[in-house]
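Single-structure report; data block below.
Protein chains: 2
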Amino acid sequence: MFRVLSRASGSAARLGELVTPHGTIRTPAFVAVATRGTVKALGVDDLHALGVEVLIANTYHLALRPGGEAIAAHGGLHGFTGWQRPWLTDSGGFQVFSLGAGKVHGVGKIASIFPGEAPAKPTGASLVTLTEEGAHFRSVVDGSPVFFSPEEAIRLQRLLGADVILPLDECTSPFHDYGYTKAALERTHRWAERALVAFEKTRGLGPNPGQALWGIVQGGAFADLRRVSARTIAGMGFPGFAIGGSLGRSKDDMLRVIEWTVEELPEDRPRHLLGIGGVEDILAAVERGVDTFDCAAPTRLARNGVLLTFGEEGFRIAIKNARFARDDRPIEEGCDCPTCGRYSCAFLRHLVQTGELSFYRLATLHNVRFMVRLLARVRAALATGRPVSAALTDPFTDPSAQ
Amino acid sequence: MFRVLSRASGSAARLGELVTPHGTIRTPAFVAVATRGTVKALGVDDLHALGVEVLIANTYHLALRPGGEAIAAHGGLHGFTGWQRPWLTDSGGFQVFSLGAGKVHGVGKIASIFPGEAPAKPTGASLVTLTEEGAHFRSVVDGSPVFFSPEEAIRLQRLLGADVILPLDECTSPFHDYGYTKAALERTHRWAERALVAFEKTRGLGPNPGQALWGIVQGGAFADLRRVSARTIAGMGFPGFAIGGSLGRSKDDMLRVIEWTVEELPEDRPRHLLGIGGVEDILAAVERGVDTFDCAAPTRLARNGVLLTFGEEGFRIAIKNARFARDDRPIEEGCDCPTCGRYSCAFLRHLVQTGELSFYRLATLHNVRFMVRLLARVRAALATGRPVSAALTDPFTDPSAQ
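Quick mapping for you: the protein sequence lines, in order, are chains X and S. Its first residue numbered 90, the first sequence is counted upward by one per residue in our numbering. Its first residue numbered 90, the second sequence is counted upward by one per residue in our numbering.
See below:
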């Protein structure tokens with residue numbers, strides 16, 4: 090269940106609460122990425138300490154290893170992973186893109202999420218063939234065939250037991266043309282109908298009877314397709330919505346896609362933006378009415394030595410830089426993360442230079458806490474009637490940020 | 090300062106306390122290995138939670154990166170790493186072996202520490218040349234020359250500021266003959282004298298004026314050499330002693346080496362056994378009067394998926410084994426480590442199978458806690474007048490184990 094607590098004046102932003110069978114998520118919220126059931130390099134104890142409220146896992150990867158049945162046998166994701174708070178699962182639709190057109194086109198969902206980040210290079214032939222029936226994958230583990238129909242994606246997600254699950258969709262590429270995107274969209278709508286039927290038919294399967302199936306809006310960066318998709322998916326009665334697929338070739342494209350979509354979605358339902366996590370992107374999307382975000386970038390950047398800070402151009406520093414070799418300060422003065430509380434930039438640089446495993450955790454702790462703080466600042470701004478952008482400038486005083 | 094609190098009847102074991110400028114270590118104790126300033130995959134917060142009381146770092150590796158001066162500038166190891174409790178540093182003498190004869194002979198300090206563990210394979214030519222003046226290394230980072238004299242090893246350790254430091258020595262190989270071992274030993278004794286002089290001359294250097302310089306006993310697996318070395322080093326007045334070098338070609342050799350050495354050392358001073366951490370080895374060494382141990386095996390095994398348990402043959406399980414795929418139990422029933430408190434064998438196996446970074450930390454947490462518990466059990470047995478071997482069989486009730 091989703092409650093809007095207050096609305097901003099002058100933007101579509103709203104402060105809310107998403108109530109799930111495993112707890113309440115304060116929105117706007119960042120959903121930490123735990124593709125295979127763990128946030129890379131962190132434990133559940135860490136996530137609690139960071140104030141993380143919700144995780145997203147990936148149905149495709151978990152279906153390969155250890156399998157939906159194995160996870161169900163351990164009480165679903167909540168029991169298996171030890172994260173007893175809210176879970177989302179993506180349907181495998183993103184892998185339709187990332188293992189398919191994403192590889193062939195050598196591109197991400199958008200040209201560049203973080204400034205300076207190089208677009209992905211082509212990594213080979215597609216591992217995906219789509220038919221009306223579903224998505225025929227090759228396993229990234231052993232190359233064996235893996236078939237996801239809309240029904241199978243629901244069955245697997247019933248077994249995983251996340252609190253919010255998604256229908257199988259086709260996430261298209263920024264380089265797909267209008268005709269392809271339209272045809273893909275229409276198939277995705279047919280798959281959404283099948284997912285709803287499968288969702289009803291599988292009531293009672295798996296560990297979490299209170300699961301919610303949200304719809305995914307597609308349509309690439311084409312205004313009419315986005316609007317048609319949002320109206321179509323909204324018309325199916327989903328209790329929440331995800332904005333998926335290609336977001337175009339620029340940040341401006343992305344914001345337009347969000348505007349077109351949100352305008353067609355019901356006001357009283359939550360909206361999730363799939364795979365976006367840049368600081369300015371999040372603020373702009375919140376202003377346009379998005380409630381939740383997931384993105385692997387903060388954790389992936391951490392493992393590459395890129396640490397997020399409010400005080401720097403581009404909100405990031407490269408800790409490998411020689412200027413940190415003798416820097417006794419924490420990553421960011423005033424940051425309340427466990428890493429900044431105890432370690433200097435000089436020590437963190439030493440760890441990354443020597444390839445110490447400890448680095449991955451300490452860096453990830455900081456970046457995830459940065460995202461939690463960012464969204465807490467956004468909520469604090471909304472709660473006090475300030476514009477969303479005040480999240481970057483207001484002194485941070487929200488006592489509930491923890 | 091070292092205090093013997095009580096002595097076992099029927100063995101040379103003793104319960105004690107080692108007081109350092111950064112806190113007291115209850116002995117017998119396990120010293121966790123933090124070669125480059127961090128226990129691999131763990132943070133300082135983790136170490137506190139595990140009940141670890143003391144760490145050992147390596148002067149050679151830290152001298153290469155980030156350098157003694159850099160660490161001194163951050164308050165020494167205590168300030169730089171965030172571990173504000175007792176530190177030991179090894180002198181670089183072990184690298185004389187591991188980068189020298191250890192590589193050429195393809196052997197460790199002893200044939201096999203843990204049952205079934207393959208001895209190291211020859212890994213190439215020696216990176217060390219020894220002269221009377223000191224040890225001429227090649228850097229493992231970039232191949233550049235690195236010179237450690239006994240004086241330089243002391244100077245560097247003054248800069249690092251560990252609470253217990255060691256003189257440069259030559260750690261010989263089990264395959265060195267009597268003649269070589271004897272000549273090396275005599276040089277090591279001359280180096281120990283030089284280290285003592287250097288230690289006095291450098292008073293005031295570095296962040297920790299309360300450092301203690303312990304002596305290292307060498308002599309391979311030759312009875313007369315070990316006894317001569319122990320008497321010679323003890324005669325120099327060191328406040329504590331480490332048993333270094335080759336421990337022979339078998340566990341029996343190792344135990345004899347310990348017996349010969351301990352018999353010649355003063356009763357009132359602490360004794361550290363360098364680089365040994367097998368369960369039965371520790372118990373046997375405690376019975377022979379050893380107080381502290383360090384060993385990289387528990388953490389290295391963890392990273393390789395080998396988890397220590399009291400309940401299994403050989404005190405270990407391989408979590409990758411298929412039998413754990415559906416095992417809902419913790420690694421060990423009754424283990425109070427953070428990993429066993431939250432995660433099943435099935436989940437840990439999933440993490441190791443999928444190569445998740447989180448695995449390294451969760452496995453290391455368990456294995457380090459195992460070592461802490463083992464030594465706490467040893468102390469509990471000694472405190473209640475039970476034989477050391479009771480550590481493996483008595484119900485574990487020591488409330489101070491944390």
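Beta carbons are placed, not taken as given, at the ideal position from N, Cα and C, and that holds for glycine.
One thing to note: Ala224 of chain X has its Cβ within 8 Å of the Cβ of Val217 of chain X. Boundaries of the alpha helix (DSSP H) harbouring Asn456 of chain X: 446-472, taken from the DSSP string. When Cβ pairs closer than 8 Å are counted between the two stretches, the region 123-142 of chain S is seen to touch the region 441-457 of chain X, the count reaching three or more. Between Arg412 of chain X and chain S, the shortest Cβ-Cβ separation is not below 8 Å. Within the same chain, Cβ atoms closer than 6 Å to the Cβ of Thr170 of chain X are found at Gly126, the five residues on either side in sequence being excluded. Not flagged as an interface residue toward chain S: Phe226 of chain X, since no C-beta distance is shorter than 8 Å. Judged by beta-carbon spacing, Phe288 of chain X lies beyond the 8 Å limit of Val306 of chain X, meaning their Cβ atoms are not closer than that value. If you draw a 10 Å sphere on the C-beta of Ala102 of chain S, you find 16 or more other C-beta atoms in it, and that means buried.
If you ignore the 5 residues before and after Cys260 of chain X, its C-beta comes within less than 6 Å of the C-beta of Gly182, Phe183, Val185, Phe186, Gly333, Gly334, all in its own chain and listed in chain order. For Asp380 of chain X, the number of other beta carbons within 10 angstroms of its own is at least 16, and it is reported as buried. At a cut-off of 8 Å between beta carbons, Val133 of chain X contacts chain S. Using a C-beta cut-off of 8 Å, the region 265-276 of chain X makes contact with the region 302-321 of chain X, since at least three inter-stretch Cβ pairs fall below that distance. Per DSSP, the beta bridge partners of Asp179 of chain S are S:Asn147. Of all residues in the region 425-443 of chain S, those with a C-beta nearer than 7 Å to a C-beta of chain X are Pro427, Arg431, Tyr432, Ser433, Ala435, Phe436, His439, Leu440, Gln442, Thr443, reading in chain order. Counted as a single uninterrupted DSSP element, the beta strand (DSSP E) harbouring Ser95 of chain X occupies residues 91-96. Using a Cβ-Cβ cut-off of 8 Å, Phe169 of chain S is close to Ser433, Ala435, Phe436, His439 of chain X, given in chain order.
Counting only runs that start and end inside the region 217-304 of chain X, the alpha helix (DSSP H) elements of at least 4 residues fall at 239-249, 267-290. Separation of Ser433 of chain S and Asp417 of chain X (C-alpha to C-alpha, rounded to the nearest whole angstrom) is 39 Å. Shown here for Glu106 of chain S: same chain residues with a beta carbon closer than 8 Å to its own, the five before and five after excluded, namely Phe91, Arg92, Leu94, Thr113, Ile114, Arg115, Thr116 in chain order. Contact check between the region 334-354 of chain S and the region 381-400 of chain S: fewer than three CB pairs, one atom from each, fall below 8 Å, which does not count as touching. Note that the C-beta distance between Gly157 of chain S and Leu248 of chain S is below 8 Å. Val196 of chain X is bridged by DSSP to nothing; it lacks a bridge partner. Interface criterion not met: the Cβ of Tyr267 of chain X is under 8 Å from no Cβ in chain S.
CA-CA distance, Ala469 of chain S to His111 of chain S, rounds to 24 Å. When only Cα atoms are considered, Val235 of chain S and Ala301 of chain S end up about 25 Å apart. Leaving aside the five residues that flank Tyr149 of chain X on each side, the residues in its chain whose CB is nearer than 6 Å to its CB run, in chain order, Gly181, Gln184.
Using a CB distance cut-off of 8 Å, Pro298 of chain X does not count as an interface residue toward chain S. Around Glu445 of chain X, the beta-carbon contacts reaching into chain S at under 7 Å are Arg125, Thr127, Lys129.
Below the 7 Å Cβ cutoff, chain S contributes no neighbours of Ala284 of chain X, its closest Cβ being approximately 26 Å away. For Pro155 of chain S, a Cβ of chain X is located within less than 8 Å of the residue's own Cβ.
One Cα belongs to Val122 of chain X, the other to Gly366 of chain X, and the distance between them is close to 11 Å. Contact with chain X is absent for Tyr149 of chain S, since none of that chain's Cβ atoms lies less than 8 Å from the residue's Cβ. For Ala102 of chain X, there is no enclosing beta strand (DSSP E), as DSSP marks it with neither H nor E.
For His111 of chain S, no Cβ of chain X is located within less than 8 Å of the residue's own Cβ. One alpha carbon belongs to Gly324 of chain S, the other to Ala146 of chain S, and they sit about 27 Å apart.
The closest CA to that of Leu440 of chain S, considering only X:Ser98, X:Ala479, X:Thr124, X:Pro263, is found on X:Thr124.
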